[in-house]
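So the number in this note's numbering is just where the residue sits in the sequence shown, counting from 1, plus 470. I have placed the structure first, in the form of structure tokens, so that the comments after it can refer back to it.
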Amino acid sequence: VIATTDNARVNQTVAQDAHRIRAWINVVDGTSDESDFSNMAILNQPPLTIALSTNGASPALLHHLKAEIGSAIGDEYAILADWLGEIRQPVKTEIYEQAERKNLYQQILESEIITLLRQGKRDDARHIFQQILAEGMPQ
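Structure below.
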């Protein structure tokens, strides 16, 4: 059940009725502790999913944030996420120390890979990715 009226008393009544019948309720006005769940704005760029919420405080701010973050997170991050997903298991298997794995990932993330992907230089970005990986993996 989702209570979306602009009347707090009505929303409270809807919430109480929903709880009475054991239905989940979301009171979207942000003024009630009666909510069992909340809806979020979702940015979906597989394999990335980014969820945003203001807990009902400001749908306008949520819309604005979604647009801002959506414009900052382009296809380059989805590409890099795919590449990182490809190496995750081999890295976990080959590099036993978590600190070393963290260092490898940090090198990748701090490199020029994202910049190159933004510039459409996917092959160059992949080359640097593979170079960092080769240097970071045990021989």
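All C-beta atoms, glycine included, are put in the ideal place defined by N, C-alpha and C.
Using a threshold of 8 Å, state whether the C-beta atoms of residue i and residue j are closer than that.
i: Leu532; j: Leu518; result: no
i: Asn509; j: Asn496; result: yes
i: Glu564; j: Pro608; result: yes
i: Asp545; j: Gln515; result: yes
i: Ser581; j: Ile557; result: no
i: Val484; j: Val471; result: yes
For residue i, which residues in the same chain have their Cβ closer than 8 Å to its Cβ, ignoring the five residues on either side in sequence?
i: Glu570; result: Gly606
i: Leu554; result: Tyr575 and Ile578
i: Ile543; result: Leu513, Gln515, Leu518 and Ile520
i: Gln486; result: Glu504
i: Lys562; result: Arg571
Leaving out five residues on either side along the sequence, give the residues of the same chain with a beta carbon under 6 Å from the beta carbon of residue i.
i: Asp474; result: A small correction: the amino acid at residue 474 is Thr; Asp does not occupy that position in the sequence shown. So the qualifying residues of the chain are Val498.
i: Ala488; result: Val471 and Ile495
i: Asp593; result: none
Spatial neighbours of residue i within its chain, please: C-beta separation below 7 Å, excluding the five flanking residues on both sides.
i: Lys536; result: Ala511, Leu513 and Leu522
i: Ser541; result: none
i: Phe507; result: Trp494 and Asn496
i: Ile583; result: Leu550, Ala595, Ile598 and Phe599
Practice task
Count the C-beta pairs between the region 545-553 and the region 584-601 that are closer than 8 Å, then say yes if the count reaches three, no if not.
Solution key: yes
Problem - Length-filtered (4 minimum) alpha helix (DSSP H) runs lying within the region 477-557 - result: 478-490 and 529-542
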